[in-house]
Structure formats: C-alpha cells, structure tokens
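Here is the structure we will look at, set down as structure tokens.
Protein chains: 2
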Amino acid sequence: MHSLEKLFGPESIAILGASNRKGSVGFSLMSNLVASGYRGVVYPVNPKRKSVLGIRCYKSLAEVPEQVDLAIVATPSFIVPKVVEECVNAGAKSLIVVSSGFGEIGEEGRKLELELGRIIRGTGTRLLGPNCLGYIRTDKRINASFAIRNALPGKMALISQSGALCSGILDWAQKQNVGFKYFISVGSMLDINFADLIEFIGEDKEVESIAIYMESIKDSEEFMKAAKKFSLKSPIIVAKSGRFEESAKAAVSHTGSMAGNDEVFEAAFEKAGIVRVENVQELLGSAQALAKQPLPKGNRLAVITNAGGPGVMATDAVIRNKCRLARLSKKAMERLEKEMPSHWSRSNPIDLLGDAGPELYEKALNVVLGEKGVDGVVVILSPQAISKPVEVARAVAEKAKKPGKTVLACWLGEGFVEQGREVLRKNCVPCYRTPEEAVRVFSYMESYRKNLEILRGERDLEVLGTQKRPVKAKRVLNTYLKKGLKVVSEIDSKKVLESYGIPVNRTVAAKGLREAVEKAREIGFPVVLKVLSPDITHKTEVGGVALNLISEKEVASAFRRIVSKAKRKKPKANILGVSVQKMVARGKAELILGKKEDRIFGPVVVFGAGGIAAEVFGDKSIGLPPITKKQARRIVHKTKISKLFSGRKARVKADLGELEGIISSFSRLALDFPEVEEIDINPLILSNGKFFAVDARIVLKG
Amino acid sequence: MHSLEKLFGPESIAILGASNRKGSVGFSLMSNLVASGYRGVVYPVNPKRKSVLGIRCYKSLAEVPEQVDLAIVATPSFIVPKVVEECVNAGAKSLIVVSSGFGEIGEEGRKLELELGRIIRGTGTRLLGPNCLGYIRTDKRINASFAIRNALPGKMALISQSGALCSGILDWAQKQNVGFKYFISVGSMLDINFADLIEFIGEDKEVESIAIYMESIKDSEEFMKAAKKFSLKSPIIVAKSGRFEESAKAAVSHTGSMAGNDEVFEAAFEKAGIVRVENVQELLGSAQALAKQPLPKGNRLAVITNAGGPGVMATDAVIRNKCRLARLSKKAMERLEKEMPSHWSRSNPIDLLGDAGPELYEKALNVVLGEKGVDGVVVILSPQAISKPVEVARAVAEKAKKPGKTVLACWLGEGFVEQGREVLRKNCVPCYRTPEEAVRVFSYMESYRKNLEILRGERDLEVLGTQKRPVKAKRVLNTYLKKGLKVVSEIDSKKVLESYGIPVNRTVAAKGLREAVEKAREIGFPVVLKVLSPDITHKTEVGGVALNLISEKEVASAFRRIVSKAKRKKPKANILGVSVQKMVARGKAELILGKKEDRIFGPVVVFGAGGIAAEVFGDKSIGLPPITKKQARRIVHKTKISKLFSGRKARVKADLGELEGIISSFSRLALDFPEVEEIDINPLILSNGKFFAVDARIVLKG
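What follows is the structure in structure tokens.
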C-alpha cells in the first residue's frame, strides 16, 4: 500500500479545532466535509464544544472511539506540535496541518516547524502542510479543505503551492466547467512534497494530467525522478512564478553569474518532460487540451476562421510561439477552391468569410484534417449577425472526433457564443477566448511532444552514466585536493578537459626564458605566453598575457616583460614561469561552456556566446547533466549565436557533431567530480570548422 | 462645420438594400437603427418592397422626399458604384458602404473600388467603408451598423479595421460593462481613414480615449499629424496585428533588411504618443485605465495583496514590463509595522495575509498613497473563505478617490468576486482578472507618460527643421544625380556625412601608387587601402581591401595587390585607384547607423549593434526622423549594445551626447534629400570614447 493511501482515502477523519463559528477555519473544514457527501465517519475534536454542526464533539483525539485514518489540525500554530504529538500517539495514520505561522513567518515559526518535523520523523505518519488549505478528492466525495468552493468532478489533478490561490482557481474552474479528481494544497511541504504526490497520483490510472502552481521545490532529485516517470505516461503542466529572483545573482564566476535560478528550473522542467506555462489561466487551459486532444506530430498549424482579423492575430501568435503555418497541398487547394465561397482567402489561414455556416466549417475541416502537412487545427468563430455559434460548434466537435490531429477552438466574444463554447468543451474540443490563447496552447502541446522525444531517448543517458572517470583527470584533481588548493591552473584544467576528449590548444609550462623559447619552437608560431602562478587568477589584469608572438625573439622579450610586470604587481606571488600555447585565431564564434552549482538542482551546464555578447546579450542556454548528444543539440539551438554556424543560413562552417560531443562529455565531467565547484571554458573558439578550449579554469569546492 | 458632421449626426438616414428578411444585412441595419431609439427620420430604399419593418419603402433615393444626411448602402458590390452615383446625384451628404467584395477580394474588386473612388472624388460627399459594419453613436442613439449588439453608452471611441471583430468586441465590452460614445468600423478606408476620424473625434471634448484595432494605415503623414494632436490631449491606444509580415523582408541593404515593417509602426506609434497594446482584451482594459485613473509620474509600483502567490506573480510582471517595485520609506515601514498583522510581508509586495478585511486594506493604502516613492498601486484580492470582496472593493474605491496616484485592482476568481469587481469599476478603479494584466496596464500608462514627455519636446524638432541643407552635401549629391549614378563612393558619402557634423575617419582618393604612399604618409600610419571603382560595391569580396598598413613599403605592396586582384576579378570595372584612410582600432563597440525607406512611413533611421551581432542578435532600434537629441537617447537605450557604453554598468567610456548629436544630425540628412534611397554607416566605431563613421555608403533612388 502506498504511504499516502490513508491520507487520500480515509475511512475516518478527525478535525482538531472544529468549530461552529462561521468564518472560522474549523467551521469551514467541518461544513465542507459534511456538505461534500463524505461517506466515512467525521469526528470533530475541540475541548470547548459538545457538538459541531450537530455532530458529537470529542475533547481530544485519544477520546475518539477509533484510530482515525486522517487527522486535520486547525489549531493555532504554537500548540500544533503538542496536538500533532497527541495525534501520532493516538495512532492517526495521516495528518493535514492547515494552520499557518511556521517557516513562512521567520525565525520563531521555523523553530516550530523543526519541532513538528522531529515529532513525526520515524513514526511513519505522513503529514500534508503546514500552512495549506487541505485537499479535495471528488471521486470519493472528500472535501478536506477550507476552500470557498468545492471542485467539480474530473480527471485532472491540481497541486498548488499557494493556498491563497486555490479558491481563485476553483472559482475560475467552475466558470469554465473544468473538473478535478484531486485538488491539493501542499503548503510548506514539511513532509509530503511534489514528488510524493506525483508518485501517488501516478498510480491512479484515471488521472489524465497534473497541473501544478509552483514557487520552488524541495529535493530536486526525487522531484525529477517522479516527474520523468509520470511525464512518460501523462503530461505535467507547471506554472512557476518567481522568474526574476534576485537571489540567483549571487553566483561567483562569470558563467555562474549568468545561470539564473529560473533558467535552471526551465532546463529541469524540459528534461523531466514537464510543460511550463506562463500563468494560472494557461495552466487550466493547457491541461484540458493535453488531456482531451491528441498530441500534434509537429508544429504545422492550420487556421480556419470566419474573419480576417482574428486570422492575422492567430498568425502572429503562430510565429511568436515558434510554430509554423501549415502549407496546404495542391490537392487540398483544388478541393477548397471547389467547395469554398468564391472570395475565400486562398491560403492558410483559411478565411471562410463572415457568413460561413456549419457546412462550410465542416468542409474546410474535412480537407485540412486529411492533409499530411497539417499537425493541428485552430478553428475560429467571430460572431456576426448571421453566425450560428452552437451549430458550428456541433459540426466542429463532430469532425474533431476523427482521431489523429489536434483540434482546438476559439469562439470570440461572451454571451453570444458561450453556449457554443460549452458544446465544444463537452465534446473534448477545448475552446478559448482569443486566437492567441488557442495557438499558445497548441505550442505547449507541441513542446510536450518534443520533451517526450528527448525523454524517451534517456536510455542513451544510461550508457553515458556507465563510463568510468578518466584516470588522468582523477590524478590531476587529486593532486589539488590533497594540497587543499582551490584553483586548478590553466594547463592542468586543460589536461582534465583533454582526458574527456574535449579539444584544447596545446599548452605547456616553461620555467625559464630558454625553456619558453624552446617550447614555442616545438609548438610552432604564433604562440601565446601567460604568466604561471597559483596566486594569480586574473592574468590579464597584471599584464601577464602576451598574444600572437611570431618569433623566438618576440617570445624571449615577452617572457621578460610579463614575468617582471607580474612580479611588480603581485610581489608576494609565487611565480613558476609561464605557460606557452598555440595561438588560435580569434575565429568568428567565441563561445563559453561552463559548469556551475545550482542551489536547488546541483551541477548545471551553461553554453552560450562568449566575449561581449555574453554580457550584453546574455545569449546562453542551460542543461542539466548528464546531457546526451541529442539534448546537446537542443541546448545549442536555443542560443542565437548558433545561427552563425548552424542551420540553413549559417555563415561559418562548423562540425556540429563535434560540438554536441564536447557538451555531452563536458556534462559527464560536471557529474563525475562532486568536489568541483565550477568549470569555465572561456573562450571555446570555433576556428576553421573545429572547436578548441582556448582558456579553461576549474575551481574546487573550498 | 466638420466634413464628418453629417455622417455622425444625421437628421435623416436612408438604407439602400433595406430588407424584411431576417439574417440579411439590410434587415439588421434597419432593425438596429429603429431599435436604438434614433430620433431622426429613416427611409428604407428597395425597389422590390413596399415597406420594411412597417416603414414605407422607396424605390430609389431620388424618390425620397428630402435630401438625406446619410445614405447606407447594403447592395451587392457589383451594383454599388451605380447606387452610390445615384446617392451623390440625389444630394446625400454622406455615405456608408457596408457591402464587401472590393479591394479585399482581388483584381475584380479593386476595379470596382477604383470606380467608386472616381465617383465620389470632388463631390464633397464623404464615404465610410466599403466592407465595413457601419458605426454606433450612443449619445445620439444611432446604431447605423449590422453588429449583433448595441454598444453601452460611454466616453470611449473605438475604431476597428476588422468589421468581423466588432461584434466580438461589443460582446466582451458588454460583459465588462465598458461603454462607448463612438464605435466605428472603418473597412477599406477608400475615403474616410483613421486620420479623419481621430481629427473629428478630437473635437468632441467628452471623449476620454480612442481605442483602435489596426492592421495597416493609409496616408501615414496625416495619421501622424492627427494622432500627435490628439495624444497631447487624451490617449490613443492601438492593438495592431501583423507583427511578422513577411513582406518586410524585401528590403535591399543590410540595414534595410533589418527594419521590419512592424518595428517601424512601433517607432511611429511612440513618436505620435500612441500606446501600443498586445491584443484586443488589453485594448479595452488599458483604455479604461487611461481614461479613469491619473497617469503615474514614474514606474515605481506598490503591490498590496492578501496572498503571497499573486504577489509573486505581480512582481514577475513588474520586472518583465520594465517597471520597478517601489521602495517604501523608513517612515512608511514603521507605520505599517504598527498597523499590519504581526506576520505581514515586511516589504513590497505588502502581503496583508489571508484574513485581511476592508480596514487592513484601507490602512495599507493610506500609507502607500502617502509615499513620495510610489507612482502607482495594484491592489489584489484573492478569495479566501473569510474574504469580503465587495466590502474591500468599497474601501479601495473610497481611498482611490484621493487624487494623485494610479490605483488599479485585481480581484482573482469569477462568481465569488464579480460583484466586488463591479463596485470598483463603477468607482473608476479598473479591475482585472490577473495580477499580470493589472501590472501590464500600469506599464502602458507609464509608457503613455513617457511618450507625452517626448511629444511635448517636439518644439526642439521645429528648430531642427529650420536648418538649411549643407552646401557641400548638396554639391556632392547633385554631381551623382546629374550623372544618373546610384551608388555614392565611400569618400563622397563620408563628405556628405562630414557636412552634417558626423565624425568620419579621414579618407582620400589616390589614383596611382606614388600618390597612395604620399597620402598615407600625410594621414599617418596605420592606414587602410580600398579599391576605388564605381563598379565595385562589395570591395572585400574582390580582395580590394588592405587593413592596418604600417609603412610606406606595406602601402606600396598593398596598392599593387588590391588593384591587380580587383582587375582580375572584375575585368570590366573602371578602377580609379584606391581610397586611403586612417585605420581606426576595431574598438569595443561596433555599431551601425542607417537610413532606409519604409513603404508606409517613408524615411526611417536604424541604429544598433554592428558586425556579427547585427545578424545574430538583431539588436537594433528604429526612429522616425526628425529625431531630437532626447529622442535619440531613447533610441540608443533601447538597444542592448548600449549597456556596454552607457549606464551604471558601462565598461567602455563614451561621449553619449556626441552619439545623440550624430543620430539627430543623421536624421536631418535622412529627411533633407528625398532623392536618397538608403544610407549605411557600417561600422560606426566607438574608439577611445569617440564615435567615427569608418565605412559609409549612400544609394540614390533609381
């Protein structure tokens, strides 16, 4: 039996803090539960009352004649630990703490929360909350919440981290006739977290989708595991707020400072197959579409409309959301030409003109649904004097039953079209208020399909994971770890990269002037000299770098110059000589590849444009390791700089397979050594079609 | 009397094509007009009927006993020209043609439209349409449209280019209790266009705002003039679709190809003071706020909420829309600390917690409205069991009456909060469904304020406009015009720029090798040599450029090399020698400044990042000339590259005043010579804090 079974399917429920006072939480909990038609036994518990809502009230849980499956605690926070301890002792199998006044209010509350944690630890009793609204489960008629409305029955699960938002969502959902099987407010997630719930709901085959309002997560590893498993079966849709969290700025290194917290979430969602939407409205709208309509097989959308304006709006939305307007085949065009009114638009969007009735919509849908080049259709009705919103809705719903393609609708307006919307919704064709919304939802469906494709390729990851750590990398890093040194030198950092098959330009150490000249001759001119010292991290700042040296003479004078400059600027530094390396022509594309440590998700890989572009344009893309070559391709293509060397309009030649391999190998390195705090390849240069790590730095955890 | 007076205030209206057949346009027009309570005389005209809706019907307009102020034509398109001619002959003072089947259907329709144009030209009769829905004017109780609903009375004017959208908008507006004084469907704008309507409505002092749904415009000059004049008084809000028009790609030159049509619209709107919103929903929502609430004085927003989640969403929206969360003063914090519940959020957003009642909202508003550092407030209510949506609404509406600061609201949910929303709306506090919407509307209000600031500085433009064209520029360009040459050489292009005070690096011509060496010595090393030929535009492609020449020897050998290469690659080219110029170090910021010709707005100025960034990141900003220094600053700051040399985090020194001056002078040049097709300064380099046009090309119209 799943550990949440008793929580969500209790045969008896006690409410601690039950009350007859209207407006109080204890009253709402009692009346919601009784009104919902719950078929188990309810025990109000309150030492001050004899009965609540006419039901006999108990002084304490110990007095209740049976061990309850679920105890709901609604007492003031300061006595919650005591009450919960009593519940555990009385054998309550699961708990909901709705009371607020814990971690969210600061130090004092945090202490209470810790205490609560200690009490339930090891008891096997699961706890939802604190600071939550409770939950609603419609199929068992349990409304164990103090929400202002009950949920309509349905097949969706909703999990919200904001209790205050739950009532608003229920209010919206009712208006739009959206039902739920589970409606859960998670609160502070002291014990039960998103992962537990996703796992539990995953065992319920009736649930078609999970919609989540999220602000942050606890235990990213469990979350990712549970989400991946569920996503492979049914969609998870997340609206996460807190995009611009200032706290993400705290990261140290250059690459690090770019890896905004929210962008890591975005990468994690994608990897776990989760569809991220913008806001709570879209949460419900997308969940409906993902549950009711078949997934598109691509991003080519046909638009059928009875008005030009909304067709233009839909087109704008198609391009903005990175989908494409489907091209109609010659055959389809010929058929439409025959069947459409003489002044129809003659292209996609297919404008049936203002007087279009159900038959015309049917004919157009017939043609479009038979097209190989069409992955989905958005059908728009803009009310005109002669429009028949309900009849057209019926016709569209009928046609949409033919399996295979995604059909979404948009009936513009309010009262005049509401009934038509209703007909569509009841027939599993989600209907939206604006063309933009409908197209956006289509794009979310398409992104779920893409996520699934990647997710199903995860077997490649297992192969990646079984590879051994290169001996050379281990040896190099161990030397630093043993000595307690944090910053790995450029030469050694490059050795580590090389051992992972990442191409570097040849770089060697030279203690003295003569050795430097010799090494330069060996490597071949032009070369670069950099001062070599464990105490100097920013070499350019002390004048410790000389580029493009083309002769032995230049090498010699550069050696003297940079060593003496470095000594002058950093008199206490231990200068070991210089590093000599092959000069790589600056190339057209200057990139960066880095690893940083995210507070929530651990190691992340950052790829993007280097140089000025890194700072000014912030053109980067994030992935969670391990990264397969296929995932690497997606990461690369998300950056704008990739247009330079990839795709039809590429102006610079590049071995993209090599780049994908570099990123994939780098992701292994990012995972292989938990002792590493960050890695910076800056720049990674594209020169003559090949990629080279020209400067690199590994920093170990302190 | 304004030429549209009779159209919008007719004492008699004839409807040509009036009908008793339900569902027909002729029937809708008649019944709408009669049902609206029109107080003038209605004359149905239809040769086939004796009466329509019980009103005596006439065989032709000539039969009607008086000269009507307005004739509405609803006959099939092919007889419209004949009917309109009859109307003009019968002395109808104005016309609405609702019939479709003109320009929008192709060649055949275009011919009909041209004919229609010929018929009314010079008659003084004004025509609305064709292919429109007509108009509604609520104060005079005229519904001269075939829309499915009448408009509620109000003080807004709405103009829609999509007739099909009108009914949808009316349906939405009714649901939200939004009223209109004028509701106009413009159709194809054969005669009456946006400019006419804005001008006419501008004379009506009761109108608080104009909302426009636009797809394109005719006569940009008139439009800009009318819009500017109106904007100075009251806001114009536009939702324009067609953002990604493929046709904009047709532009020739590099700079040109970037100036997407829609971006020019954006620049034009800004210059005319127009607020651009994303979609039709926002159109109504923003128009309400702009009409009912005082404009903010800046972008600092305070958020008051009874729930954390929506507060986070609001914060996300604040940052995304480039506003700021207001910082509360010490005094305000102290007062809140005293008056708020003990666990309030202690920062902005001010979270009053779930059980907040009207008094708490009032107290928080009191504090925030008294703050100098707050420009506007968004008040959020998320329904909880104990919330009082109506009472809180009353309290907020009362406080919002205090003049000075913008107050907007967001009541989340549907049925539970609807009454509260109603209370707010009736009291001039616009109330939205989501925090994002409310914040976004605030940001639109703020952008209107900024637009006004610029618009009021237009006097500077008049000064700009009175300056004479430099003699040198005239002389240079005339030479080319006389010879019929299209491409002005780099040297001459730079002369033109120089005459407008735009700094260039010194560039001179040299016919032979010896002259080249001499000129190089004069200019000072290092220099650049480029092949000089009217037949070679892309010099790099023929190997015609040599950079960084540091000695006479290098200049001599470069001369031989590039001239012989050019001869080999372009044997037929007339090679005049080379241009010699000072080599400017590549610098940190490589920019472009260009002028191109927009199909709709004429000359536009494009500024942005150059080099790879121009193509990859598309980082540019567009302005309509003439451009004042103040406007230039806004244009510069819209590009990302400007962060490099401007603002607190600038890494490169720059004389920003100089850059603004360059753009302003360049905008004069862009206007001074209508014969110029395009100008490209590419690159404009920032070197040692100063800007230089390092390469330039002027192309004349062919």
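As you go down the protein sequences, you meet chains H and W in turn. My numbering puts the first sequence at residues 1 to 702. My numbering puts the second sequence at residues 703 to 1404. Backbone N, C-alpha and C define an ideal beta-carbon position, used for all residues, glycine too.
Rounded separation between residue i and residue j - CA only
i               : j               : result
residue 1364(W) : residue 1392(W) : 11 Å
residue 811(W)  : residue 803(W)  : 6 Å
residue 732(W)  : residue 937(W)  : 34 Å
residue 135(H)  : residue 407(H)  : 33 Å
residue 1373(W) : residue 868(W)  : 39 Å
residue 225(H)  : residue 272(H)  : 8 Å
residue 704(W)  : residue 944(W)  : 33 Å
residue 1026(W) : residue 389(H)  : 44 Å
residue 12(H)   : residue 206(H)  : 24 Å
residue 473(H)  : residue 213(H)  : 42 Å
residue 348(H)  : residue 372(H)  : 15 Å
residue 1240(W) : residue 1399(W) : 11 Å
residue 614(H)  : residue 1316(W) : 15 Å
residue 865(W)  : residue 833(W)  : 8 Å
residue 935(W)  : residue 1020(W) : 27 Å
residue 885(W)  : residue 845(W)  : 9 Å
Cβ neighbours of residue i in the same chain (closer than 6 Å, five flanking residues each side left out)
i               : result
residue 1052(W) : 1006, 1066
residue 1286(W) : 1207, 1387, 1389, 1394, 1396
residue 520(H)  : 527, 555, 580
residue 701(H)  : 675, 677
residue 335(H)  : 367
Cβ separation of residue i and residue j, assumed to be a contact under 8 Å, to the nearest whole Å
i               : j               : result
residue 545(H)  : residue 569(H)  : At roughly 13 Å, the Cβ-Cβ gap does not stay under 8 Å, so residue 545(H) and residue 569(H) are not in contact.
residue 84(H)   : residue 73(H)   : 6 Å
residue 1080(W) : residue 1130(W) : The pair is not a contact, with the Cβ atoms about 15 Å apart (cut-off 8 Å).
The ligand HEM heavy atom lying under 7 Å from the CB of residue i
i              : result
residue 970(W) : Absence of the ligand HEM from the depicted structure is noted, as is the absence of any ligand whatsoever, leaving it without description.
Residue environment, residue i, which counts as buried when at least 16 other CB atoms sit within 10 Å
i               : result
residue 575(H)  : buried
residue 524(H)  : exposed
residue 1249(W) : exposed
residue 401(H)  : exposed
residue 951(W)  : Its pLDDT being 30, under 50, residue 951(W) is placed unreliably in this model, and the value from its coordinates should be taken loosely. The residue is exposed, with fewer than 16 neighbouring Cβ atoms inside 10 Å.
residue 996(W)  : exposed
residue 478(H)  : exposed
residue 1237(W) : exposed
residue 1173(W) : exposed
residue 718(W)  : buried
residue 1044(W) : exposed
residue 592(H)  : buried
residue 550(H)  : exposed
residue 6(H)    : buried
residue 1266(W) : exposed
Residue(s) in a DSSP beta bridge with residue i
i               : result
residue 71(H)   : 14(H), 95(H)
residue 1297(W) : 1307(W), 1381(W)
residue 823(W)  : In DSSP, residue 823(W) forms no bridge with anything.
residue 944(W)  : Paired residues: none, contrary to the question.
Chain B within 8 Å of residue i, Cβ atoms only
i             : result
residue 58(H) : The chain inventory of the structure shown lacks chain B, comprising the protein chains H and W.
Close beta carbons around residue i, own chain, < 8 Å, minus the five adjacent residues each side
i              : result
residue 495(H) : 472, 473, 476
residue 352(H) : 304, 305, 306, 340, 341, 344, 360, 361, 364
residue 881(W) : 840, 853, 854, 855, 856, 857, 858, 875
residue 4(H)   : 94, 126, 192, 196, 197, 200
Contact set for residue i: own chain, Cβ-Cβ below 7 Å, skip 5 residues either direction
i              : result
residue 761(W) : 749
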